[in-house]
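Residue numbers (the numbering used here): 703 to 1129.
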């Protein structure tokens, strides 16, 4: 928690009174139409619109017999019951002991053998990872994350245990703590996917950037807008292009040519310290700056190409979003110059080119290959012609930018079983 106490003695006394309330009966209909009945004691988070939205993206391609499932913040246990119905091996956890007891009861009442533990990711040490199942790897990790900023408490707290389901009171952000665990190799197996909820009233815009900068792919896969304008989203997180080669070389002619000519797996990427034949649009030469990040990716390989002219705009806008969020700079210090150049405000206050995006395709018989090249200056140039990330006070090397760009590219283009390329509108 942060330095300021969010819950005091009065809240604790109120919480004791809340526990004396009667349990309530609620029902929830799963994405497959099954109706689950719940008896919920006070302080346990019931199934709501966010539960239904999260459940809507969990389909048979991800949930099948034998799939290892972890639900963090299980509340009533609704999503874990849905996963168990599809044959998943269920582990669930919650920081609220009442929710743990509730989920255990509901699963056992259905004859489901599952592991339900007390605890979860958080800012303080509360036992080791094994306490809540965090010491193992899973195929699917689900967390209906407390997605409202702590300022949401200003209107009056419901109580510590109830607020734990709604409000992120962690100064770092619980979504960031989960991302850091995933990026360190925890929780997910190589092909696994994690799903979290975010809100436009909380940290929604930050989540993909926090993932990209740590080398994780992040894609919004479902959204729902409410009458008050709030947009609730489900973000999928995974390891980008797992199993595809990542190469770094000293000097090469063109990373685009290297990928087009030699790569055999979608997502394969090559980064070079120097290019002797680097190029931009219309064959214009790419000027190498020291420590620039220059890399290419094989994004399509097959009988047909799905590529459109919008793709370079998508990549450019995502790069702008990454650098704004990574540096926390003023919004107008980074922009996309149509159609494919990233501009940054330099030390003199002028907007100057700092990066670019280039797609190229080749056809060999009936097969087509599409490569994406990205160049980014990590450092500002001596003159005024070019800008770099250091103009944003962002001190990162080419390797770090490549890892973030690799995650970004996968977020936009990687085909992952069960994940749509674009968010599904659930309104």
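Built from N, CA and C at the ideal position, the CB exists for glycine as well.
Distance from residue 973 to residue 1100 at the Cβ level is roughly 7 angstroms; contact confirmed, criterion being Cβ atoms closer than 8 angstroms.
With a beta-carbon spacing of about 6 angstroms, residue 752 and residue 846 fall inside the 8 angstroms limit used to define contacts. Taking the Cβ atoms as the reference, residue 798 lies roughly 17 angstroms from residue 844, outside the contact range of under 8 angstroms. Residue 1063 is classed as exposed because its beta carbon has fewer than 16 other beta carbons within 10 Å across all chains shown. In this structure, residue 756 lies near residue 899, with their beta-carbon atoms less than 9 angstroms apart. DSSP, reduced to helix, strand and coil, places residue 893 within a strand of the structure shown. Considered as a whole, the stretch 887–970 harbours 908–914 and 957–964 as its complete alpha helix (DSSP H) runs of no fewer than 4 residues, in chain order. Collapsing the DSSP output to three states places residue 841 in a strand.
Taking all protein chains in view, the Cβ of residue 731 is surrounded by fewer than 16 other Cβ atoms within 10 Å, so the residue is classified as exposed.
Residue 913 is a Cβ neighbour of residue 1113, given a cutoff of 9 angstroms. Boundaries of the alpha helix (DSSP H) around residue 758: 751–758. Between residue 739 and the set 733, 750 and 727, the nearest pair of CA atoms involves 727.
Here the C-alpha atom of residue 754 lies approximately 13 angstroms from the C-alpha atom of residue 778. Here residue 760 is not near residue 911, since their CB atoms are 9 angstroms or more apart. Under the three-pair Cβ rule at 8 angstroms, the stretch 1114–1127 counts as touching the stretch 920–931. With a beta-carbon spacing of about 18 angstroms, residue 1118 and residue 1072 fall beyond the 8 angstroms limit used to define contacts.
Under the 10 Å beta carbon count, residue 1081 is surrounded by 16 or more other beta carbons and is classified as buried.
The secondary-structure analysis by DSSP pairs residue 1003 across a beta bridge with 1071. In this structure the stretch 775–789 touches the stretch 811–827; the number of beta carbon pairs closer than 8 angstroms is three or more.
At the C-beta level, residue 1111 and residue 1074 come within 9 angstroms of one another. Residue 943 and residue 744 have their C-alpha atoms roughly 44 angstroms apart.
Apart from the 5 residues on each side of it in sequence, residue 1039 sits with its Cβ closer than 6 angstroms to the Cβ of 1045 in its chain, given in chain order. 897 is the residue among 897, 821 and 889 whose C-alpha sits nearest the C-alpha of residue 781.
Between the alpha carbons of residue 1013 and residue 1041 lies a gap of roughly 10 angstroms.
Of the residues 1103, 889, 1115 and 1094, the one whose Cα lies closest to the Cα of residue 773 is 889.
Residue 951 is not a Cβ neighbour of residue 932, given a cutoff of 9 angstroms. A direct Cα-to-Cα measurement between residue 960 and residue 1086 gives close to 31 angstroms. In the displayed model, residue 1082 falls within coil according to three-state DSSP, outside both helix and strand.
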